[in-house]
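Trainee: Following my numbering, the residues of the sequence shown are numbered contiguously, the last one being 186.
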Amino acid sequence: MKEHGGKVDWKALVNSMEDDEDQEPMDDGEREASIEEYFKMISAGLAGTSPHMVSATIAALSRVLFEFHDELNRTKIDELISTTEIFLNSPNREIAKTAIGFMKVAVVSLKQEVVSKQLEKIVPGLLNWAAEHKNYFKANIQNLLEFFLRLFGFDTFEKFVSSRDICICSYQCNYWYWFIEPIN
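What follows is the structure in structure tokens.
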């Protein structure tokens, strides 16, 4: 393939592709893979060196979790949440922003029993970012706190809140008590 003045010589490109056809063909056979293997392949991106790569991987995991949460076993869901909880505590805003989005997807799409077992991991990570004054963080964390309060009540939720964050949650609880109907 040759470049002439910044343009690619397409004839040379097509000729080189035809030369490749003469060589030994690749194995084009399809293989069956389980959903756990699919998650494992996607999760490989979490080892990326750039925050952008890690953030994109968490976003992909949240989309796939939303789509296939019924087909995943409980241990895989627990692994995903605990892994993402590590990134929720990241000092990098881009990674934390996507991890908050993942937690939002997980909380909304998973069953109440699954989420209740993970509250002790999710709540402290969310409250690390509750004091952030950026609107995205504030709005999403308030929405998640409100959802937790509606789903589990303040008594269950309060067990996982540190003493320094109790004022945020009690404000949210008062707001919830007066204006929002609980989820049954």
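Even glycine gets a Cβ: it sits at the ideal position worked out from N, Cα and C.
Classify residue 132 as helix, strand or coil using the three-state DSSP reduction.
Mentor: Coil, per DSSP.
Trainee: Excluding five sequence neighbours on each side, which residues of the same chain lie with their C-beta closer than 7 Å to the C-beta of residue 2?
Mentor: Any property of residue 2 remains undetermined from this structure, which presents the chain solely from 3 to 186.
Trainee: Kindly list the residues whose CB is nearer than 6 Å to the CB of residue 50, restricted to its own chain and excluding five residues on each side of it in sequence; keep chain order.
Mentor: 56
Trainee: Short of 6 Å in beta carbon distance, which residues of its chain neighbour residue 125, apart from the five on each side in sequence? Order them along the chain.
Mentor: 162
Trainee: Using the beta-carbon count (16 or more within 10 Å), is residue 105 buried or exposed?
Mentor: It is buried - the Cβ of residue 105 has at least 16 other Cβ atoms within 10 Å.
Trainee: Please confirm if the region 117-124 is in contact with the region 92-100, defined as three or more CB-CB distances below 8 Å between the two stretches.
Mentor: no
Trainee: Under the assumption that residue 64 contacts residue 127 (Cβ atoms under 8 Å), give the Cβ distance between them as a whole number of angstroms.
Mentor: Residue 64 to residue 127, Cβ: 15 Å. No contact.
Trainee: To the nearest angstrom, how far is the alpha carbon of residue 43 from that of residue 101?
Mentor: 18 Å
Trainee: If you draw a straight line from the alpha carbon of residue 33 to that of residue 41, how long is it in whole angstroms?
Mentor: 16 Å
Trainee: On the criterion of 16 or more Cβ atoms from any shown chain inside 10 Å, does residue 87 qualify as buried, or is it exposed?
Mentor: buried
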